[in-house]
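Participant: Structure incoming, see below.
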Amino acid sequence: MGRTVAREDRHIRELDDAQSWELFDNAAQHYLGISGEEFLSRWDSGYYEDPDQPAVMNVVMLLPFARSE
Amino acid sequence: MAGKPEYEAVQRFRKSLQRTLSCIVRGAYVDVKGGYYPSRTPLPLTLKDGLPVGLGSGTDLSIAVSYHYRLIEAPSATRPWRVTTVAYHYTLQETEGPEILSYQWHPNVPNSVSFPHLHMSHGAGLGREEFHRAHLPTGRVTLEAFVRLLITDFGVPPKKEDWEEELAKSLAEFEEDRSW
Chain A
1 MGRTVAREDR HIRELDDAQS WELFDNAAQH YLGISGEEFL SRWDSGYYED
51 PDQPAVMNVV MLLPFARSE
Chain B
70 MAGKPEYEAV QRFRKSLQRT LSCIVRGAYV DVKGGYYPSR TPLPLTLKDG
120 LPVGLGSGTD LSIAVSYHYR LIEAPSATRP WRVTTVAYHY TLQETEGPEI
170 LSYQWHPNVP NSVSFPHLHM SHGAGLGREE FHRAHLPTGR VTLEAFVRLL
220 ITDFGVPPKK EDWEEELAKS LAEFEEDRSW
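One line per chain: the protein sequences are A and B, in this order.
When you line the first sequence up against my numbering, it's residues 1 to 69, in that order.
When you line the second sequence up against my numbering, it's residues 70 to 249, in that order.
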């Protein structure tokens, strides 16, 4: 991604909100071919009745990068 | 923040996973978000941007690894904080092809199974269609066990000569913190 991270050592990249969103958005594009916004909209509406599919679960696992507490 | 026990607990957890992954991924780093405090929602960790990472050296294999974890207060005077895993997802796939297998535990995802399980997918070359839908029950699987499986049974070349010692070190740290 070539980004500057909020805090970094060589092995652990601590991302800020913008960087986290970028990671999530890129992953949604990679696994499902949709934007991060579109995924969140689908997720919140219950579009994924069975989320336990490879591509979907890959993105679900990254949801905390998209949403702050 | 460095030196505070909450910080040390979280960093130990992150470094342990990164150390394990570095046994098979050259230049392995993990992306993380969130601080050093107990949180209502789980905190995420993922290998290299959350995307599949090639294992190189002619293996034609890639992995993706993600975690959710929480920092919790522990009833211990010597180690008042520890980190507990609340979800994991370790996937092996062909680099330019389908998923082969995936060890998963994600009990808090709605409409999904709550027990730890294994998916065997099309890349595994199994003929029965049931395998492509099945949630094969497992115990909880450590990242160290997954990495060891790839090295010993899938021919993934270790990136460190002392990979067994590195896995043992990470596993020992995990065992100290585990609550299950």
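Heads up, the beta-carbon is just placed ideally off N, CA and C, and yes, glycines get one too.
Indicate whether at least one CB of chain B lies closer than 9 Å to the CB of A/Tyr89.
Facilitator: A question about residue 89 of chain A goes unanswered here, because the residues of chain A that appear run from 1 up to 69.
Participant: Would you mind working out which of B/Tyr76, B/Arg88, B/Leu205 sits nearest B/Ala237, comparing C-alpha positions?
Facilitator: Comparing Cα positions, the closest option is B/Arg88.
Participant: Check the DSSP bridge columns for A/Asn59 and list the partner residues they point to.
Facilitator: Per the sequence presented here, residue 59 of chain A reads as Val, with Asn not at that position. In DSSP, A/Val59 forms no bridge with anything.
Participant: Leaving out five residues on either side along the sequence, give the residues of the same chain with a beta carbon under 7 Å from the beta carbon of B/Ile93.
Facilitator: Leu124, Val216, Leu219, Ile220, Val225, Pro227, Lys228.
Participant: Does any CB atom of chain A fall closer than 9 Å to the CB of B/Lys228?
Facilitator: Judged by the 9 Å Cβ criterion, B/Lys228 is not in contact with chain A.
Participant: Just to confirm my understanding: we take B/Ile169, look at its own chain, exclude 5 residues before and 5 after, and list those with CB closer than 7 Å. What are they?
Facilitator: Cβ neighbours of B/Ile169 beyond the five flanking positions: Leu161, Gln162, Glu163, Ser190, Gly192, Ala193.
Participant: Using three-state DSSP, classify B/Tyr98 as helix, strand or coil.
Facilitator: Coil.
Participant: Listed in chain order, which residues of the stretch 107-123 of chain B have Cβ atoms closer than 7 Å to some Cβ of chain A?
Facilitator: Within the stretch 107-123 of chain B, the qualifying residues are Ser108, Arg109, Thr110, Pro111, Leu112, Pro113, Thr115, Asp118, Gly119, Leu120.
Participant: DSSP on B/Thr89, reduced to helix/strand/coil?
Facilitator: Three-state result, B/Thr89: helix.
Participant: Are there 16 or more other CB atoms within 10 angstroms of the CB of B/Leu205, so buried, or fewer, so exposed?
Facilitator: By the 10 Å Cβ count, B/Leu205 comes out exposed.
Participant: For a contact meaning CB atoms closer than 9 Å, what does B/Asp100 contact in chain A?
Facilitator: Near B/Asp100 (Cβ distances below 9 Å), the residues of chain A are Val5, Ile12, Arg13, Glu14, Leu15, Gln19, Ser20, Leu23, Phe65.
Participant: Taking 9 Å as the CB-CB limit, is A/Asp52 close to chain B?
Facilitator: Closer than 9 Å to some Cβ of chain B, the Cβ of A/Asp52 qualifies, so yes.
Participant: Which residue wins for smallest C-alpha separation from A/Arg13, given the options B/Pro113, B/Ser108, B/Gly72?
Facilitator: The option with the nearest alpha carbon to A/Arg13 is B/Pro113.
Participant: Which residues does DSSP pair with B/Thr115 in a beta bridge?
Facilitator: In DSSP, B/Thr115 forms a bridge with B/Asp100, B/Ser135.
Participant: Is it buried or exposed for A/Thr4, if we count other Cβ within 10 angstroms and need 16 for buried?
Facilitator: Confidence in A/Thr4 is poor, its pLDDT being 49 and thus under 50, which makes the residue's placement too unreliable to answer from.
Participant: Could you give the C-beta distance for B/Ala156 and B/His137, rounded to a whole number, given that I count them as a contact under 8 Å?
Facilitator: Right, their Cβ atoms sit about 4 Å apart.
Participant: Answer yes if the stretch 25-33 of chain A comes into contact with the stretch 72-84 of chain B, meaning at least three C-beta pairs across the two stretches below 8 Å, and no otherwise.
Facilitator: Too few Cβ pairs lie closer than 8 Å, so no.
Participant: Is there at least one Cβ from chain A nearer than 9 Å to B/Gly103's Cβ?
Facilitator: Interface residue, yes.
Participant: Please list the terminal residues of the continuous beta strand (DSSP E) segment that includes A/Gln29.
Facilitator: No beta strand (DSSP E) contains A/Gln29, which is instead part of the alpha helix (DSSP H) from 17-32.
Participant: If contacts are defined as beta-carbon pairs under 8 Å, then A/Leu62 and B/Ser135 qualify, I think. What distance do you get, rounded to the angstrom?
Facilitator: Confirmed, Cβ separation roughly 6 Å.
Participant: Would you tell me roughly how many angstroms separate the C-alpha atoms of B/Thr154 and B/Tyr105, rounded to the nearest one?
Facilitator: Spanning the two alpha carbons is a distance of roughly 15 Å.
Participant: Per DSSP, what are the beta-bridge partners of B/Glu142 in this structure?
Facilitator: Answer is B/Trp150.
Participant: On the DSSP bridge assignment, give the partners of A/Ser68 in chain order.
Facilitator: Beta-bridge pairing links A/Ser68 to no other residue.
Participant: With a threshold of 9 Å between beta carbons, is B/Ala193 in contact with chain A?
Facilitator: So no, B/Ala193 is outside the interface.
Participant: Interface residues of chain A around B/Glu168 at Cβ under 8 Å?
Facilitator: Here the neighbours are Pro54.
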